[in-house]
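In order, the protein sequence lines correspond to chains A and B. Just so you know, we're using my numbering here: the first sequence kicks off at 1 and counts up by one. Just so you know, we're using my numbering here: the second sequence kicks off at 1001 and counts up by one. All C-beta atoms, glycine included, are put in the ideal place defined by N, C-alpha and C. As the structure is a prediction and not an experimental result, all values here were calculated from the model.
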Amino acid sequence: MNIVVCIKQILDPEVPARDFRIDSERREAARGSANLVTNIFCENALETALQFRERAGGRITVLSFGSESAEDSLRKALAMKADAAALVINDGHPHPDPFAVARALAAAIRKIGDFDLILVGRESGDWGAGQTGALLAEELGVPCVNFVDHIDSDSDGLRLKRQTDAGWEIFAAKPPVVVTITNDEHNVPRVPKTRDVMMSYRQTLTKWTLDDLDTDAASIRAANSYYEIVDLLIPVKETQCEFIEGDSLESRVENLARRIQEVTDAL
Amino acid sequence: MSDILAILFASAGFDGATQGILGEGRRLADTLSCKLHALIIGPQNEPMNSSVAAIADRVIAVDQSEISEYDTEPYLCVLVAVCKQLSPRVALLANDTYSQELAPRLAHRLGGSAVGDVTELKSHLDALRVTRSVYGGKAAAIIELKRYPAVVWLRARAFAPAEMRTERVAQIEKFTLDLSGDFRACIIERKREASGATRLEDAQVIVSGGRGLGGPEPFEELRQLADAIGAQMGASRAACDAGWVPPSWQVGQTGKKVAPGLYIAVAISGASQHLAGISDAKVVAAINIDPDAPIFKRCRFGIVEDYRKVVPLLRETLSGTKK
Ligand SMILES: Cc1cc2nc3c(=O)[nH]c(=O)nc-3n(C[C@H](O)[C@H](O)[C@H](O)COP(=O)(O)OP(=O)(O)OC[C@H]3O[C@@H](n4cnc5c(N)ncnc54)[C@H](O)[C@@H]3O)c2cc1C
Chain A
1 MNIVVCIKQI
11 LDPEVPARDF
21 RIDSERREAA
31 RGSANLVTNI
41 FCENALETAL
51 QFRERAGGRI
61 TVLSFGSESA
71 EDSLRKALAM
81 KADAAALVIN
91 DGHPHPDPFA
101 VARALAAAIR
111 KIGDFDLILV
121 GRESGDWGAG
131 QTGALLAEEL
141 GVPCVNFVDH
151 IDSDSDGLRL
161 KRQTDAGWEI
171 FAAKPPVVVT
181 ITNDEHNVPR
191 VPKTRDVMMS
201 YRQTLTKWTL
211 DDLDTDAASI
221 RAANSYYEIV
231 DLLIPVKETQ
241 CEFIEGDSLE
251 SRVENLARRI
261 QEVTDAL
Chain B
1001 MSDILAILFA
1011 SAGFDGATQG
1021 ILGEGRRLAD
1031 TLSCKLHALI
1041 IGPQNEPMNS
1051 SVAAIADRVI
1061 AVDQSEISEY
1071 DTEPYLCVLV
1081 AVCKQLSPRV
1091 ALLANDTYSQ
1101 ELAPRLAHRL
1111 GGSAVGDVTE
1121 LKSHLDALRV
1131 TRSVYGGKAA
1141 AIIELKRYPA
1151 VVWLRARAFA
1161 PAEMRTERVA
1171 QIEKFTLDLS
1181 GDFRACIIER
1191 KREASGATRL
1201 EDAQVIVSGG
1211 RGLGGPEPFE
1221 ELRQLADAIG
1231 AQMGASRAAC
1241 DAGWVPPSWQ
1251 VGQTGKKVAP
1261 GLYIAVAISG
1271 ASQHLAGISD
1281 AKVVAAINID
1291 PDAPIFKRCR
1301 FGIVEDYRKV
1311 VPLLRETLSG
1321 TKK
């Protein structure tokens, strides 16, 4: 089974709101002192793929479309024990729309060769468009199942468990298929061993430019044929919090209960 | 090609999301002087149909055995076929699992563009501009769609419902489609987790727990508090990832977007991604041991204290069982 996991490097999404700034010229978050990290759902995807490989075998290639620095995310994935890594360097628009991303990834996947299972995170922690998997599936002409948290296989093909608003569903799917991965207690990403981190820097990592791919590189570079960010702002919405006081724990809790009661009575 | 199409699931009924989509669809259609069509997909129900018919100008129902329950590929085929027939300029969906799954693929098949989790729509010259939160709720982006039709999934419950007409009720037109395709991915098992009578998305009061609870047992205590005030239960991602509660309890950017009258956050720090799920909550209250926890910035009122001291006492007080 040939497995491709698409991963994205992003600005650390855990930067607290009070430290968050915007670069209005570029219409994106200011880098500030924030780290670059792998998007958490992409790591959940890799973890899901690694566990699937342990049960069913296969070869995992991690693929990223991003700047040179995305190499760090791919090296970390190799340290987590992905088999191969490829980076398509984005020398075009700094935050391409999801359609441009899907087309770049699709072209790279076709270049990698035969594929059975493609995993992507359900959305990214920066723009969070939540479209890459679906558009990638359409570009490749294969089905897409969203919000998957577990993958198994049997003689009929793949068994995909996915979360719904109310519970979960199982899909039977014949590869090739694209799945988008969501978090679950079982796919919390493993921490690579120090030795494997060091080893990962000696592994080969394929680098392509858009011109190496069989696609319309110019339109991917231009991006924004799908949609364009025309403005980016920080919404102001602070509420004044009343901290409940009182002489004793009992009286504070009573005051809290009264405030809760007032609100629920008015509903 | 100028009309608006509201895409509705019959299984959702005339719920808050359906009403929000129709409300925004109606408003947009009236501003642009075009028609509002509604597609209701799945086994039809009369009360919903007549309510929708009192808002939309035209109602199309697709109800056949292949789509008696949701399955991605046949549902997508239905949406593509109906959109090809009606050529809407904008198609609106809600932000449930199924809508999010379908919208980008629908846009791709129609040569249009999709955008999701939208909280505001505006027409700007000839284009559609939408607002959505980005960077885990720390910023808001205004996005202009470049390809049409625009397929937009809305943070539906945040939109005001439309008034129902009493005159000029639309006819319900039945469409039947050939759905005999060989679908390579099909749902073979469906499981609904036992939850309260109301869906979390529709709950008026929610008690939600986070990592600070330290394990699954304290959620039992929270449950008793919730029962005492008729609340539903929610959780932060950290509590779900720890396996203390099912993933369907997760509230936030990548969990449920809730809109209760009262949201009580217990031992939840209030990361922006969590707050992104409660931006439509009217009153937020918190129990947290840390006075600097960001959750307090979103709170109307709160108590700085160990939840282990507060929760049992609060339950007794609120249920009137306090000695
Ligand atoms: C792309 C992305 C998407 C995400 N989506 C979501 C999402 O949908 N929903 C979500 O919730 N998170 C989401 N997150 C994660 C989010 O960033 C936070 O990590 C998470 O919300 C933290 O959960 P928490 O508040 O329970 O835990 P923590 O941040 O660890 O907070 C625990 C809190 O408990 C308090 N506490 C500890 N002990 C006690 C005590 N005895 N009594 C009272 N208080 C106590 C502490 O003071 C602290 O404030 C997402 C993150 C990313 C990157």
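Find the residues of chain B that neighbour T182/A, judging by a C-beta separation of less than 8 Å, and give them in chain order. P1247 and T1254
Given this structure, state the Cα-to-Cα distance separating G1230/B from A1203/B, to the nearest angstrom. 9 Å
A49/A burial status per 10 Å Cβ neighbour count (16 or more: buried): buried
Short-range partners of chain A found in the stretch 1192 to 1217 of chain B, where Cβ spacing is below 8 Å: R1192, E1193, S1195, R1199, E1201, Q1204 and V1205
Could you spell out the range, first to last residue, of the alpha helix (DSSP H) harbouring E1120/B? Unbroken run through E1120/B is the beta strand (DSSP E), S1113 to H1124; no alpha helix (DSSP H).
State yes or no: is the C-beta of F99/A nearer than 7 Å to some heavy atom of ligand 1? no
What number of angstroms, rounded off, separates the C-alpha of T239/A from the C-alpha of A1285/B? 11 Å
Tell me whether Q1273/B counts as near ligand 1, meaning its Cβ is closer than 7 Å to at least one heavy atom of that ligand. yes
Proximity test, Cβ basis, 8 Å: L140/A and chain B: no
For R1058/B, which residues from the same chain have a beta carbon less than 6 Å from its beta carbon, with the 5 sequence-adjacent residues on both sides left out? H1037 and A1170
With DSSP as the reference, label Q261/A as helix, strand or coil. helix
Distance, T1097/B Cα to C1077/B Cα: 17 Å
Could you tell me if G1013/B is buried or exposed, where buried requires 16 or more neighbouring beta carbons within 10 angstroms of its beta carbon? exposed
Would you call Q1232/B buried or exposed, if buried means 16 or more other Cβ atoms sit within 10 Å of its Cβ? buried
To the nearest angstrom, report how far apart A266/A and F243/A are at their CA atoms. 21 Å
Can you list, in chain order, the residues of the stretch 215 to 241 of chain A whose Cβ is nearer than 9 Å to any Cβ on chain B? N224, S225, Y226, Y227, E228, I229, V230, D231, L232, L233, I234, P235, K237, E238, T239, Q240 and C241
I'd like the ranges of any alpha helix (DSSP H) spanning at least 4 consecutive residues and lying wholly in the stretch 1197 to 1237 of chain B. 1217 to 1228
Would you mind reading off the limits of the alpha helix (DSSP H) that contains D72/A? E71 to A79
Could you tell me the distance, in whole angstroms, from the CA atom of L1225/B to the CA atom of V1311/B? 7 Å
Could you give the residue range of the beta strand (DSSP E) that holds N90/A? Note, N90/A: premise wrong, no beta strand (DSSP E); not H, not E.
Within the same chain, show all residues whose beta-carbon is closer than 7 Å to that of V15/A, passing over the 5 residues directly before and after it, in chain order. A34
Is N183/A helix, strand or coil when you go by DSSP? coil
DSSP on V191/A, reduced to helix/strand/coil? coil
What residue does the alpha helix (DSSP H) around K207/A start on, and which one ends it? It is not in any alpha helix (DSSP H) - K207/A instead sits in the beta strand (DSSP E) that spans T206 to T209.
Limits of the beta strand (DSSP E) - the one that S1133/B falls within: A1127 to V1134
When you measure from the CB of P13/A to every non-hydrogen atom of ligand 1, does any distance come out below 7 Å? yes
Can L1093/B and I1007/B be called in contact, C-beta distance under 8 Å? yes
Show which residues of chain B have a CB atom less than 9 Å away from the CB atom of D126/A. V1134, Y1135 and G1136
Going by the beta-carbon positions, is the gap between V62/A and V5/A smaller than 8 Å? yes
Using a Cβ-Cβ distance cut-off of 8 Å, determine whether I1268/B contacts chain A. no
Between the CA atoms of L1314/B and G1212/B - distance to the nearest angstrom: 18 Å
How many angstroms separate the CA atom of K1146/B from the CA atom of E1189/B? 38 Å
Would a check of beta-carbon distances place C1299/B closer than 8 Å to chain A? yes
Can you tell me where the beta strand (DSSP E) with G66/A in it begins and where it stops? R59 to G66
From D97/A to L232/A, what distance separates their C-alpha atoms? 15 Å
Listed by chain order, chain A residues near G1302/B by CB distance under 9 Å: C241, E242, F243, I244 and L256
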